[in-house]
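Just so you know, the protein sequences line up as chains A and B, in that order. Residue numbers for the first sequence follow the numbering used here, so the first one is 93 and each next one is one higher. Residue numbers for the second sequence follow the numbering used here, so the first one is 93 and each next one is one higher. What follows is a short report on a single structure.
Protein chains: 2
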Amino acid sequence: MDFLTKSEKVLEQLSNVEKKKLLLKRRIVRYLYFHGSKSAAEISKKLKSSIPTITTIINELITANVITEQGQGISSGGRRPILYGLQNNAFYILGIDISRLSTKMAILNSKLEIITPVESYSIKLKNYSNPIDEIYQHAINLIETSGIKPNSLIGIGIDMPGLVDSKSGTNYTYFNLKNSSIALSFQEKFKLPVFIENDAKIRALAEYRYGQAKNTKNTLIIHLGWNLGMGMIIHGKLLRGHSGFAGEFGHIPMIENGILCNCGKQGCLETVASGSALVRLAKEGLSTGKNSTLNNIIENGEELIPKTIINAANNGDQFAISIISKVGFELGKGIAILIQLLNPELIILGGRVAEANQYLLTPIEQALNHYSIPKLRNQTKIVISKLGVNANILGSVAMVIENIFEK
Amino acid sequence: MDFLTKSEKVLEQLSNVEKKKLLLKRRIVRYLYFHGSKSAAEISKKLKSSIPTITTIINELITANVITEQGQGISSGGRRPILYGLQNNAFYILGIDISRLSTKMAILNSKLEIITPVESYSIKLKNYSNPIDEIYQHAINLIETSGIKPNSLIGIGIDMPGLVDSKSGTNYTYFNLKNSSIALSFQEKFKLPVFIENDAKIRALAEYRYGQAKNTKNTLIIHLGWNLGMGMIIHGKLLRGHSGFAGEFGHIPMIENGILCNCGKQGCLETVASGSALVRLAKEGLSTGKNSTLNNIIENGEELIPKTIINAANNGDQFAISIISKVGFELGKGIAILIQLLNPELIILGGRVAEANQYLLTPIEQALNHYSIPKLRNQTKIVISKLGVNANILGSVAMVIENIFEK
DNA sequence: AATCTTTAATAAAAAATTTAAAAAGGTGTG
DNA sequence: CACACCTTTTTAAATTTTTTATTAAAGATT
Chain A
93 MDFLTKSEKV
103 LEQLSNVEKK
113 KLLLKRRIVR
123 YLYFHGSKSA
133 AEISKKLKSS
143 IPTITTIINE
153 LITANVITEQ
163 GQGISSGGRR
173 PILYGLQNNA
183 FYILGIDISR
193 LSTKMAILNS
203 KLEIITPVES
213 YSIKLKNYSN
223 PIDEIYQHAI
233 NLIETSGIKP
243 NSLIGIGIDM
253 PGLVDSKSGT
263 NYTYFNLKNS
273 SIALSFQEKF
283 KLPVFIENDA
293 KIRALAEYRY
303 GQAKNTKNTL
313 IIHLGWNLGM
323 GMIIHGKLLR
333 GHSGFAGEFG
343 HIPMIENGIL
353 CNCGKQGCLE
363 TVASGSALVR
373 LAKEGLSTGK
383 NSTLNNIIEN
393 GEELIPKTII
403 NAANNGDQFA
413 ISIISKVGFE
423 LGKGIAILIQ
433 LLNPELIILG
443 GRVAEANQYL
453 LTPIEQALNH
463 YSIPKLRNQT
473 KIVISKLGVN
483 ANILGSVAMV
493 IENIFEK
Chain B
93 MDFLTKSEKV
103 LEQLSNVEKK
113 KLLLKRRIVR
123 YLYFHGSKSA
133 AEISKKLKSS
143 IPTITTIINE
153 LITANVITEQ
163 GQGISSGGRR
173 PILYGLQNNA
183 FYILGIDISR
193 LSTKMAILNS
203 KLEIITPVES
213 YSIKLKNYSN
223 PIDEIYQHAI
233 NLIETSGIKP
243 NSLIGIGIDM
253 PGLVDSKSGT
263 NYTYFNLKNS
273 SIALSFQEKF
283 KLPVFIENDA
293 KIRALAEYRY
303 GQAKNTKNTL
313 IIHLGWNLGM
323 GMIIHGKLLR
333 GHSGFAGEFG
343 HIPMIENGIL
353 CNCGKQGCLE
363 TVASGSALVR
373 LAKEGLSTGK
383 NSTLNNIIEN
393 GEELIPKTII
403 NAANNGDQFA
413 ISIISKVGFE
423 LGKGIAILIQ
433 LLNPELIILG
443 GRVAEANQYL
453 LTPIEQALNH
463 YSIPKLRNQT
473 KIVISKLGVN
483 ANILGSVAMV
493 IENIFEK
């Protein structure tokens with residue numbers, strides 16, 4: 093397994109041939125990881141090395157218990173190929189998804205299967221100055237109860253909201269400690285490669301690796317939860333920008349002298365296009381006596397949340413539909429900007445609010461017709477995300493794979 | 093020379109070794125093209141092949157009259173290295189810069205030197221339905237008078253305003269012919285690879301290859317002429333987007349119910365941040381009796397152009413300064429959006445209006461302070477372009493090199 | 001000025017990869 | 001059901017590349 097986890101420094105000391113061979117090994121593992129079982133011939137073609145070369149490396153990987161023969165593939169009129177795939181216990185990766193209210197984690201095997209229950213812990217970021225130790229304890233417990241061999245865990249991936257510099261492993265917005273961070277701290281404690289990334293970017297990565305953005309090169313993944321987040325796949329790669337902060341779509345200036353945003357500025361797009369904007373619009377409307385099923389919620393003393401409004405809309409509540417439409421139109425205006433600037437092939441809308449589906453899409457389309465050049469607008473498809481609730485854990489794990497196996 | 097111009101199809105038929113060798117040859121030529129003379133040791137390190145391999149290829153290239161020994165480099169404490177560089181007549185490239193009012197062209201040698209006078213022809217795109225033949229004749233003449241061997245011209249690069257799909261070689265906005273385009277037409281006529289790209293993107297490429305964006309990975313290049321254009325370097329590569337239309341910064345929606353833009357929409361950024369916006373503001377101001385040296389221009393019956401206003405500002409004209417400031421602030425608002433979305437390391441402002449320099453930069457900074465998150469804003473440097481008037485021709489040629497030599 | 005250290009180029013030896021050819025295993029057809 | 005045809009795998013030979021050692025040249029040190 094050491095060929096997977098060797099650090100850059102150790103790599104530098106190797107001879108050119110050894111380095112190339114090790115890199116080829118990693119590329120094969122990575123290829124099998126993201127594409128499943130493949131034949132030697134196919135790997136040879138994809139990775140542009142001759143079949144004998146690939147065969148010898150495959151045999152080495154088999155000896156190292158990383159891959160196994162996995163039966164035969166279908167024939168296209170010739171000898172049936174032997175398929176090689178990763179052994180499902182070849183290695184494990186821990187994915188940790190930190191959100192504002194809770195932290196979820198699970199261990200995935202080399203077949204991308206979740207092998208532990210997805211544990212969720214109620215950790216409210218705002219209440220904690222430093223929940224690192226608590227998360228650490230949960231992680232330790234999960235690893236122990238999972239029963240995997242300690243040295244077969246090869247990395248940890250973390251995603252969390254706020255500004256994150258994945259290069260240095262530093263998180264800024266939440267529990268930003270002096271000269272440290274959750275990633276660096278875990279790296280020391282576990283003696284393992286630990287990677288951290290902003291949650292919107294991780295969702296983008298999840299869509300790129302496992303969702304509808306697969307095989308695309310220029311896709312924007314927008315997340316409409318309480319806030320408005322975005323991750324971008326540009327040139328077939330997650331765009332991090334110069335210091336890891338690219339994609340702050342929610343905080344582009346939109347409304348002159350608008351409402352105060354969480355970020356401290358006024359009139360950010362997020363103030364008019366997000367779950368919290370939706371709730372605000374609902375409250376404003378209801379307080380002026382709008383007729384809506386949402387009034388019942390308020391009367392019951394329940395907290396109004398985006399999900400409730402979406403549900404109301406899906407049940408035909410006209411007021412709910414109208415405020416979703418308002419939010420959709422503003423979002424559409426923002427998307428028009430994205431389309432003009434980036435000319436993406438696909439935009440994926442995810443998050444709770446995106447569940448409003450057609451009630452959201454229609455006003456977006458309307459705004460696009462109004463605000464973007466048709467020639468450009470026609471190049472971009474807009475769809476709703478289909479990834480499930482564990483998308484972020486999957487994305488975090490994908491990040492680990494990419495970082496370990498990427499040249 | 094044939095190894096340079098071999099098409100993809102021919103390449104496919106080669107054996108693996110031959111292909112790799114040919115590709116390595118191209119990479120060496122490309123490396124020497126963009127970085128000047130280098131030693132075998134240095135090439136070996138950069139291109140990650142052993143010194144003997146590089147040496148044999150270098151010798152082949154010398155035999156083929158593509159490169160020559162070019163004296164010795166400085167020593168860093170040992171034997172002085174032999175420097176190898178491209179022969180200045182190894183190959184030639186024709187660069188054609190089509191702008192709205194005129195078309196310029198020149199031939200460059202393999203040392204990136206302009207070997208013919210830069211010819212400029214007055215060709216007003218709006219008056220022509222199809223100036224292709226005229227441009228073709230000028231090109232033929234230039235090639236003939238240049239005296240270069242016909243088969244040493246290895247490619248043609250063209251840039252022009254408007255929407256351009258560089259992949260298919262199609263230009264849309266101007267003289268868009270059915271089933272053809274200037275690039276395809278030239279390709280047939282010259283039997284040479286011809287590449288075309290939008291002018292803003294070509295300027296970005298020029299900055300990336302020869303200007304201040306050299307060695308950067310995430311840089312935005314904004315051009316303020318009569319219009320507002322942009323090219324982006326993302327992940328160290330020119331961003332074209334899904335269909336080649338990325339970067340329409342001038343046409344993001346900015347002003348609600350704003351002025352009608354050339355593109356047909358209302359309130360585009362270009363309507364308030366561009367040379368034409370500047371002229372409009374000037375005219376509006378002067379007609380309401382503003383005190384300014386610009387009044388003299390009008391009284392002389394001269395046409396008011398951006399350059400005049402810039403000059404007035406640089407001579408201390410307060411009114412000119414104030415409207416430039418207005419334009420700068422609006423542009424700054426747009427730039428704030430770019431910074432939030434793309435987190436660039438550098439933004440380069442070019443074009444006539446950018447010559448207003450500090451009068452433009454100060455209001456931009458002001459807008460950024462107001463509209464962008466400090467943590468993000470601080471990551472981006474903003475500078476004024478230093479490239480000269482032939483930047484576009486250079487950029488067009490760089491595009492040819494990239495297309496021919498890129499894997 | 002002589003010697004040592006560092007770097008570059010070259011030549012020979014060793015290792016690795018590719019090519020080519022043959023064998024093996026399937027599919028489809030007359 | 002034999003036979004042609006196709007594709008994958010295996011094997012061996014040929015080729016290429018890398019490594020190692022050597023020589024040459026320049027700068028640093030004593």
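Don't be surprised by glycine CBs; every beta carbon is placed ideally from N, CA and C.
Residues of the region 415 to 443 of chain A that bring their beta carbon within less than 7 angstroms of a beta carbon in chain B comprise K425, A428, I429, Q432, L433, L434, N435, P436 and E437, in sequence order. L452(B) sits away from A428(B), with the two beta carbons spaced by 8 angstroms or more. At a Cβ-Cβ threshold of 8 angstroms, Y176(A) and S244(A) do not count as neighbours. Rounded to the nearest whole angstrom, the CA to CA distance from R172(B) to K130(B) is 12 angstroms. Only residues of its own chain outside the window of five on either side were considered, and among them R295 and A298 have a CB closer than 7 angstroms to the CB of A483(B), listed in chain order.
In the structure shown, A182(A) adopts coil according to DSSP, grouped into three states. Contact check between the region 273 to 285 of chain B and the region 309 to 319 of chain B: fewer than three CB pairs, one atom from each, fall below 8 angstroms, which does not count as touching. For A338(B), the closest Cβ of chain A is nearer than 8 angstroms. Pairing L438(B) with G321(B), the inter-Cα distance amounts to about 16 angstroms. Here F411(B) carries a helix assignment [DSSP, helix/strand/coil]. The Cβ of F341(B) sits closer than 8 angstroms to at least one Cβ of chain A. Neighbours of Q471(B) in chain A, taken as residues at a C-beta separation under 9 angstroms, are given in chain order as G333, H334, S335 and F337. Counting of Cβ neighbours within 10 angstroms places G420(B) among the buried residues, the total reaching 16 or more.
The Cβ atoms of I154(B) and I135(B) lie no closer than 8 angstroms to each other. Taking a Cβ-Cβ threshold of 7 angstroms, the residues of chain B close to H327(A) are I326, H327 and K329, in chain order. Between S488(A) and P455(A) a beta carbon distance of about 33 angstroms is seen, past the 8 angstroms cut, so the two are scored as non-contacting. Residue contact check for I344(A) against chain B: a CB pair falls below 8 angstroms. Secondary structure note for T195(B): its beta strand (DSSP E) is the uninterrupted segment S194 to N201. Around N108(A), the beta-carbon contacts reaching into chain B at under 9 angstroms are K140, S141 and S142. In its chain, beyond the 5 residues on either side, G336 have a beta carbon closer than 7 angstroms to the beta carbon of K259(A).
Under DSSP, the beta-bridge partners assigned to K473(B) are L438(B). Taking 8 angstroms as the cut-off, the beta carbon of I199(A) is found closer than this to the beta carbon of L234(A). The region 260 to 297 of chain A is shown to contain whole beta strand (DSSP E) runs of 3 or more residues at 286 to 290, in chain order.
Using a 10 angstroms sphere on the CB of T237(B), the tally of other CB atoms stays under 16, which defines it as exposed.
Between the region 396 to 403 of chain A and the region 352 to 364 of chain A there are fewer than three inter-stretch CB-CB distances shorter than 8 angstroms, so the stretches are not counted as touching. Taking 8 angstroms as the upper bound for CB-CB distance, G350(A) and G339(A) are not in contact here, some 21 angstroms apart. Taken in chain order, the whole alpha helix (DSSP H) runs of length 4 or more contained in the region 374 to 421 of chain B are 386 to 391 and 398 to 406. Sorting A305(B), A374(B), G187(B) and Y213(B) by C-alpha distance to the C-alpha of P285(B) places G187(B) at the top. The CB of K467(B) comes closer than 8 angstroms to the CB of L255, Y264 and F337 in chain A, given here in chain order. Assigned with DSSP and collapsed to three states, H127(A) falls in helix. Here K329(A) carries a strand assignment [DSSP, helix/strand/coil].
In the DSSP assignment, L153(B) falls within the alpha helix (DSSP H) that extends over I143 to T155.
Looking at the DSSP output, Y213(A) sits in a beta bridge with T195(A).
With a contact defined as Cβ atoms closer than 8 angstroms, R444(B) and L316(B) qualify at about 7 angstroms. The C-beta distance from I415(B) to G377(B) rounds to 6 angstroms, short enough to fall under 8 angstroms. Scanning K218(A), S214(A) and S384(A) for the CA closest to the CA of I227(A) turns up S214(A).
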